[in-house]
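S.K.: Quick mapping for you: the protein sequence lines, in order, are chains A and B. Each residue of the first sequence is one higher than the one before, starting from 13 at the first, in my numbering. Each residue of the second sequence is one higher than the one before, starting from 13 at the first, in my numbering. Sending over a structure as structure tokens; questions will come in a sec.
2 protein chains.
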Amino acid sequence: MGFLALNLLDSGVPLSMVCAAIGLVFALVLIAVVIRASAGNERMRQISAAVQEGAKAYLNRQVITISVIAIIIFVLLFIFKDHPTAIGFLVGAFCSLSAGFVRTTQAAATAGRTSALRMAFNGGAVTGLLVVGLALLAVSIFYTVANKIVGHDMAIRSLVGLALGASLISVFARLGGGIYTKAADVGADLVGKIEQGFEEDDPRNPATIADNVGDNVGDCAGMAADVFETYAVSLIGAILVGALTLVGNPAVIIYPFVLGGISVLGAICGVLFVNVATGKPAAVLMGGVLTSAIISAILFWPATHYLFPTGLTIAGATRTPTQLYFASVIGLVMTAVVVAITNYYTSMRYAPVQKIARASETGHATNIIAGLAVGQHATALPVGFIGIAILLSFHFAGLYGIAIAVMSMLSLAGIIISLDSFGPITDNAGGIAVMSNLPKEIRAVTDELDAVGNTMKAVTKGYAIASAGLAALVLFGSYVEELKAHVMRNGEPFVFQFSLNEPKVIIGLFLGGLLPFIFTAFSMDAVGKAAGAVVREVRRQLKAKPGILTGQDTPEYGTCVDIVTKAALREMIVPALLPLIFVVAVATIKPLGPVVLGGLLVGTIVTGLFVAIAMTSGGGAWDNAKKFIEEGNLGGKGSFAHAASITGDTVGDPYKDTAGPAINPMIKVVNI
Amino acid sequence: MGFLALNLLDSGVPLSMVCAAIGLVFALVLIAVVIRASAGNERMRQISAAVQEGAKAYLNRQVITISVIAIIIFVLLFIFKDHPTAIGFLVGAFCSLSAGFVRTTQAAATAGRTSALRMAFNGGAVTGLLVVGLALLAVSIFYTVANKIVGHDMAIRSLVGLALGASLISVFARLGGGIYTKAADVGADLVGKIEQGFEEDDPRNPATIADNVGDNVGDCAGMAADVFETYAVSLIGAILVGALTLVGNPAVIIYPFVLGGISVLGAICGVLFVNVATGKPAAVLMGGVLTSAIISAILFWPATHYLFPTGLTIAGATRTPTQLYFASVIGLVMTAVVVAITNYYTSMRYAPVQKIARASETGHATNIIAGLAVGQHATALPVGFIGIAILLSFHFAGLYGIAIAVMSMLSLAGIIISLDSFGPITDNAGGIAVMSNLPKEIRAVTDELDAVGNTMKAVTKGYAIASAGLAALVLFGSYVEELKAHVMRNGEPFVFQFSLNEPKVIIGLFLGGLLPFIFTAFSMDAVGKAAGAVVREVRRQLKAKPGILTGQDTPEYGTCVDIVTKAALREMIVPALLPLIFVVAVATIKPLGPVVLGGLLVGTIVTGLFVAIAMTSGGGAWDNAKKFIEEGNLGGKGSFAHAASITGDTVGDPYKDTAGPAINPMIKVVNI
């Protein structure tokens, strides 16, 4: 046992690189499988190509915009901070950007295939494995190299730069993509469905291609950057907490890497499970997650015992390897719990969505009220369980226990993103099916999968937010440790208490609590403005070429794509920079300072968690309430209830796809 | 100077009783004025009587329901706590209930008068002065009597019982009334305006009388109980903080009473100003507030110097009388600031409301998105200023300074409620005008006043919430002091730190942050359910008696009143008891305890403040965006934008009148 432990100490990080590489290779194999299966008639390929082109065009411009900002920050860090941190920032920013790219091309390629759960899932799995593999590989290579060049302490510190780079780019990608997708979606719906009575994805609607491009760049690229960021930040957070609170024990730094490596193998098993299992779509997908979690849980056991053969001494008390193992399992259980809860609140099969659907019968307003209420209700259970998870993992291994729980929760990201991309891929497939005039039955298949996809999207967002909240707490913990190391009073390290008795802490909580509110307000405004531009353009085209309505004229899809691209890039700047400016202001303005900042960090986590869960769950529930009615319930398509449910869906769009998910990286930018 | 100080020490409390009595007498004079002016034709008196009857019937049943709950809690307190606290609870509950009664009868009596700013304002001023006078008198008499019978320490402690009684009853009154008024309103609008194309207050709508009854019992009675509670709690909070942190200096206990007494005189001056000034309604009303604040600010100066001739020693440092005076002025300034900010976000004359109105042009969904965004934006400035107020008043006189600032802020309640009741009174007057078939011009006058009323309602709610947030902080401060006095470790008083480094505090923040979310979710559900019952009843009546539509049949107004009454009383129980159960659970469940509870108290304040401001401002803005369109802008009545704005208004109704304001007493129930 002793030998093995020693062995894993040396080989832990390299082994995790090997696992990450295996994940990447497996993803490449999946790509080959998916591409071989991609077929379809001429028209489908054309549309698919148009969507792909629009997405690429947007992403290229987004990359340029974000790169400019990233370089400015890099230069500032390079001048005012140390060089390794600045370089870390650049690596993080670059990887986060590429995570977005990887994803999109793939999704659009798969979209040509019109049905089949497995194809859509495999398309998603490619991204899941690529993102997780990339994140694990980037952090471990950066850490190994930095360790050799600038020494251990500096290597740890420069990881913070990497985390900041990843997070900041992620906020931009999330926001830009989110504004893009929802501006196009809301704009297309408003003028198409409500004014003209078009169906979803009607080729006569000039905003249709923009809408489908949006699914790619927002739901796919944004999510990939987001998860890359959360994964990297959680891994780095665990390393930081280990290095700061448990000085001198190298195992605490290796452990998070090992957990990550193991989970890549778990994710591959999960993907294989989905490819052999049969049954209802939702059940098969859940089976994949479960497989992945169980494999990870089994392999965590020997790894923990090898790395900590005699346990770990935290704050004077020895924790057994089994206690550490329990902390890591808590993360897996939390994932299952959050997935189950969000599934309940957003799936058509349960009471909340059906309640919204019934409320639609009495009008637009009752639909909205019901949806808002469902979103708020949906916060209760996840937050309760997060509380339990904090209590238990802290009980098992202190702050490091929380960090480990978060890392193990995030280690499931590989399989979870596969679920997430499922949604936009089926959505795209459905869109191409309609535009290609394929038979109605095919659309019915994609519609069913689409509803499952909506739930999965909400599920993965709930997961991302819950893990982000926990990860942020870990970051707050390392902020406190950092302060302890840096601030001296009377010649001794000064421990800030951040006591609630202190007005400065309360003010910090208020200011931090405010951030998610104004951040979401700004981003919803941005969607509103950009959508308004789309509506005006569509109206203009329909007026200029009345032949579009009868199918005689072809709409200019390109101008809509262009308008949304410009609007999204313009509108994302202010809200994305908001948290950064806020934090820097609080840190530097005289009567505020580090104590207020501490309160601010926690305040942002507290309200951010609620606002984000309420928004993503509420949005998902609204969307599926509409789907529930479209299935023929409560009057079906064209009924009064249906019109009301479309309103709810439209309100839910920026809620769940722009404002809600962007809170997640925002929380971390603030905390880093 | 020394003699006067001594004098005010003895006579401070009696003098404040005299001021309170003057306020009550002035209110009685106003009643006489209003009643003499109340006139109108036979039909108006009939309708007025019907509304009054419905309101009385509802309030009687509400009193019975709440009394049962109050008596159960009284018995529990009597057995498990001390007797003076239990009796205090009963006094608080009783006074809070009667505050509700006073208000309603008056509002209904005034409603017979169809126009005129002053009349509506005087109707409100009656309530303002009665509520403030009653609260000041109740606390000072209870304190004086208890002081004589059970001694000083016990008297202070039993005041907490009084505060709890007032708060708990206030939650019930707010929620019951809020559910009533909005269920009737939403129900009447949904089936009336949207399905049948009725105008507001169309006598053919069977839910009309219930709607007007709702204005009385919800907006009037609920608000009166709420302000009574906030006023009493702030006064008691200031006394507690003074008694706990500054032991042995009687002046710190007298000071809040004196501030309260002075402000009654200030309020009377403000009322007189409104009765002599001429100009735009909003300007005249603001002038009244300003007069009141200035008079108070002038009289605070000598009072502070008489009571603290040599200043006050806090935490070892001496604060000058001028510093204490500044703390008291901060409360007055904060009131002006909050009033101005809310006015900006909810008045038709400024950008936010007009933005919502323009968003209505592109449909229901964009209207909702814009309104939600405005509500969230509206949180930023008030929270920022609250932070500044905390920082400054703490700087001047520590926790006692915050308590004094809150008390002086609340001391303006007399004039502020006059503004608040202005809204429902004009709303009622307008309703009666329409139902009595009075000429359109009269309706135009009441409509203009109604829009001002909407803003004033939002303004006063913003004020109530801001002061409630501050008052809750003061209560949290006394919770900490209480714990210090009660918990001993190693033979010394143990000071809880409530450090953010501690996971238990974080869990407490999460649980506390959750409360406003699920509380509002439950109350919106309650409105939704009750409104659904109204819709079904109206549809049934219109089907059974088609003659109602042509005016040949009279609708059965009574059944709607009855349905809403039952629904409101049934639906208020769960959300109203929720915070109490939550707090008791956290306090008693083993691994949680006092530290988690501390976090919970603060967490509730943080998210509660945001949710409440976002809801009340957003709701007010939606309402006035509709009014803005109805004035003929953007297409005017009957346009597509108008239909969308009605949806926003309907969503805003439970937001601003049920869920949002009820958070205010909820925060305090939790903290007490």
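Note that CB positions come from ideal geometry on N, CA and C, so glycine has one too.
#1: Would you please state the rounded distance, in angstroms, between the beta carbons of B:L523 and B:L612? I believe it to be under 8 angstroms.
#2: What does DSSP give as the partner residue(s) for B:T662 in the beta ladder?
#3: Comparing C-alpha positions only, which one of A:W313, A:V576, A:G278, A:L311 sits nearest to A:G299?
#4: Would you list, in chain order, the members of the region 636-652 of chain A that have their beta-carbon closer than 7 angstroms to a beta-carbon of chain B?
#5: Using beta-carbon positions only, say whether B:L482 and B:I398 come within less than 8 angstroms of one another.
#6: Is the CB of A:S629 under 8 angstroms away from at least one CB in chain B?
#7: Once DSSP output is grouped into helix, strand and coil, what is the label at B:R361?
#8: Can the beta-carbon of B:M468 be found less than 8 angstroms from the beta-carbon of B:G435?
#9: Can a CB atom of chain B be found closer than 8 angstroms to the CB of A:M447?
#10: Which residues in the same chain as B:D223 place their Cβ atom closer than 6 angstroms to its Cβ, once the five residues preceding and following it in sequence are excluded?
#11: In chain order, what residues of the same chain have a beta carbon less than 6 angstroms from the beta carbon of A:S372, not counting five sequence neighbours either side?
#12: Beta-carbon within less than 7 angstroms of B:Y362's beta-carbon, same chain only, minus the 5 sequence neighbours each way: which residues are those?
#13: Report the CB separation of A:H376 from B:T659 in whole angstroms; it is logged as a contact under 8 angstroms.
#14: Let's see if you can read the secondary structure: which residues bound the beta strand (DSSP E) around B:T316?
#15: Out of B:T322, B:Q388, B:L461, B:D94, which one is the CA nearest neighbour of B:L171?
#16: Less than 8 angstroms between CB atoms is the rule here; does B:N513 satisfy it with respect to chain A?
#17: Buried or exposed for B:N513, please, with buried defined as at least 16 other CB atoms from any protein chain shown within 10 angstroms of its CB.
#18: Thinking C-beta only, is A:A425 closer than 8 angstroms to A:I679?
#19: For A:Q74, decide whether its Cβ has a neighbour in chain B, counting only Cβ atoms nearer than 8 angstroms.
#20: With a threshold of 8 angstroms on Cβ separation, who are the neighbours of B:I76 within its own chain once the five nearest residues in sequence on each side are excluded?
#21: Closest to B:G383 by CA distance: which of B:A137, B:T628, B:G66, B:V30 is it?
#22: If you follow the alpha helix (DSSP H) that A:L393 is in, where does it begin and where does it stop?
#23: How would you list, in chain order, the residues of chain A whose beta-carbon sits under 8 angstroms from the beta-carbon of B:V517?
#24: If I follow the unbroken alpha helix (DSSP H) through B:L142, where does it start and stop?
#25: Who pairs with A:T325 in a beta bridge, going by DSSP?
#26: Along the region 221-240 of chain B, where does the CB come closer than 7 angstroms to a CB of chain C? Name the residues.
#27: Could you have a look at A:S511 and say whether DSSP puts it in helix, strand or coil?
#28: Extract the residue ranges of the alpha helix (DSSP H) inside the region 563-643 of chain A, only unbroken runs of 4 or more that lie entirely within it.
#29: On a CA-only basis, which of A:G104, A:L40, A:D635 is nearest A:G387? Give me that one, please.
#30: Would you tell me roughly how many angstroms separate the C-alpha atoms of A:A158 and A:E583, rounded to the nearest one?
#31: How about A:V296 and A:A305: are their beta carbons less than 8 angstroms apart?
#32: Hey, how far is the Cα of B:I416 from the Cα of B:V239?
#33: Examine chain A for any beta-carbon lying closer than 8 angstroms to the beta-carbon of B:T257, and answer yes or no.
#34: DSSP state of A:P677, grouped into three classes?
#35: Keeping to the same chain, check which residues put their C-beta closer than 8 angstroms to that of A:A120; ignore five residues upstream and five downstream.
M.R.: Checking against the coordinates, here is how it stands:
#1: On the second sequence, position 511 is the one that residue 523 of chain B refers to. On the second sequence, position 600 is the one that residue 612 of chain B refers to. Confirmed, about 5 angstroms.
#2: Taking the first residue of the second sequence as 1, we reach residue 662 of chain B at position 650. B:T662 is not bridged to any residue.
#3: Position 287 of the first sequence, counting from 1, holds the residue named residue 299 of chain A. Of the candidates A:W313, A:V576, A:G278, A:L311, the one whose C-alpha sits nearest the C-alpha of A:G299 is A:G278.
#4: none
#5: What you label residue 482 of chain B is simply residue 470 of the second sequence in a count that begins at 1. What you label residue 398 of chain B is simply residue 386 of the second sequence in a count that begins at 1. It is a contact, given that the beta carbons lie within the stated cut-off.
#6: The sequence position of residue 629 of chain A within the first sequence is 617, counting from 1. No - not a single Cβ of chain B is within 8 angstroms of the one on A:S629.
#7: The residue you call residue 361 of chain B lines up with position 349 of the second sequence. In the structure shown, B:R361 sits in coil (DSSP, three-state: anything other than H, G, I, E or B).
#8: Numbered from its first residue, the second sequence carries residue 468 of chain B at position 456. Numbered from its first residue, the second sequence carries residue 435 of chain B at position 423. Taking 8 angstroms as the Cβ cut-off, B:M468 and B:G435 qualify as a contacting pair.
#9: The count along the first sequence starts at 1 and reaches residue 447 of chain A at position 435. It does not; no Cβ of chain B falls within 8 angstroms.
#10: As a position in the second sequence, residue 223 of chain B is number 211, starting the count at 1. Result list for B:D223: A196, D197, A200, in chain order.
#11: If you number the first sequence from 1, residue 372 of chain A lands on position 360. Correct list, in chain order: N379, A653, A656, S657.
#12: Taking the second sequence and counting its residues from 1, one reaches residue 362 of chain B at position 350. Sequence-distant partners of B:Y362 (beyond 5 residues in either direction) whose C-beta falls short of 7 angstroms from its own C-beta, in its chain, are Y356.
#13: Reading the first sequence from its first residue, position 364 is the one you call residue 376 of chain A. Reading the second sequence from its first residue, position 647 is the one you call residue 659 of chain B. About 4 angstroms separates the two Cβ atoms, so the contact holds.
#14: Stepping through the second sequence from its first residue, residue 316 of chain B is reached at position 304. Looking at the DSSP string, B:T316 is not in any beta strand (DSSP E); the run it does join, the alpha helix (DSSP H), is 293-319.
#15: As a working mapping, residue 171 of chain B is identified with position 159 in the second sequence. Out of B:T322, B:Q388, B:L461, B:D94, B:D94 has the C-alpha closest to the C-alpha of B:L171.
#16: Taking the first residue of the second sequence as position 1, residue 513 of chain B is located at position 501. For B:N513, the answer is yes, since a Cβ of chain A falls inside 8 angstroms of its Cβ.
#17: Translated into the one-based positions of the second sequence, residue 513 of chain B becomes position 501. Under this definition B:N513 is a buried residue.
#18: On the first sequence, residue 679 of chain A is found 667 positions in, with the first residue counted as 1. On the first sequence, residue 425 of chain A is found 413 positions in, with the first residue counted as 1. Taking 8 angstroms as the Cβ cut-off, A:I679 and A:A425 do not qualify as a contacting pair.
#19: Position 62 of the first sequence, counting from 1, holds the residue named residue 74 of chain A. No, its Cβ sits nowhere closer than 8 angstroms to a Cβ of chain B.
#20: Counting from 1 along the second sequence, the entry for residue 76 of chain B is found at position 64. So no residue of the chain qualifies.
#21: Here residue 383 of chain B refers to the residue found at position 371 when the second sequence is read from its first residue. The residue with the shortest Cα to Cα distance from B:G383 is B:T628.
#22: Counting from one through the first sequence, the residue named residue 393 of chain A turns up at place 381. Looking at the DSSP string, the run of the alpha helix (DSSP H) that includes A:L393 is 392-423.
#23: Stepping through the second sequence from its first residue, residue 517 of chain B is reached at position 505. Neighbours of B:V517 on chain A, chain order: L512.
#24: Counting from one through the second sequence, the residue named residue 142 of chain B turns up at place 130. Counting along the chain, the alpha helix (DSSP H) containing B:L142 begins and ends at 129-162.
#25: The residue given as residue 325 of chain A occupies position 313 in the first sequence. Answer is A:T330, bridged to A:T325.
#26: This model lacks chain C altogether; the protein chains it does include are A and B.
#27: Locating residue 511 of chain A in the first sequence gives position 499, counting from the first residue. For A:S511, the secondary structure class from DSSP, reduced to helix, strand or coil, is strand.
#28: 569-600, 605-642
#29: Taking the first residue of the first sequence as 1, we reach residue 387 of chain A at position 375. Ranking the options by Cα distance to A:G387, first place goes to A:D635.
#30: Position 146 of the first sequence, counted from the first residue, corresponds to residue 158 of chain A. Position 571 of the first sequence, counted from the first residue, corresponds to residue 583 of chain A. So the alpha carbons of these two residues sit roughly 37 angstroms apart.
#31: Position 284 of the first sequence, counting from 1, holds the residue named residue 296 of chain A. Position 293 of the first sequence, counting from 1, holds the residue named residue 305 of chain A. Against a cut-off of 8 angstroms, the Cβ pair of A:A305 and A:V296 comes out as no contact.
#32: As a position in the second sequence, residue 416 of chain B is number 404, starting the count at 1. As a position in the second sequence, residue 239 of chain B is number 227, starting the count at 1. Straight-line Cα distance between these residues: approximately 17 angstroms.
#33: In the second sequence, residue 257 of chain B corresponds to position 245, counting from 1. So no, B:T257 is outside the interface.
#34: Along the first sequence, read from residue 1 onward, the residue named residue 677 of chain A stands at position 665. Residue state, collapsed to three classes: helix.
#35: The sequence position of residue 120 of chain A within the first sequence is 108, counting from 1. Low confidence applies to A:A120: its pLDDT is 46, below 50, so where it sits in the model is not reliable enough to give any reading.
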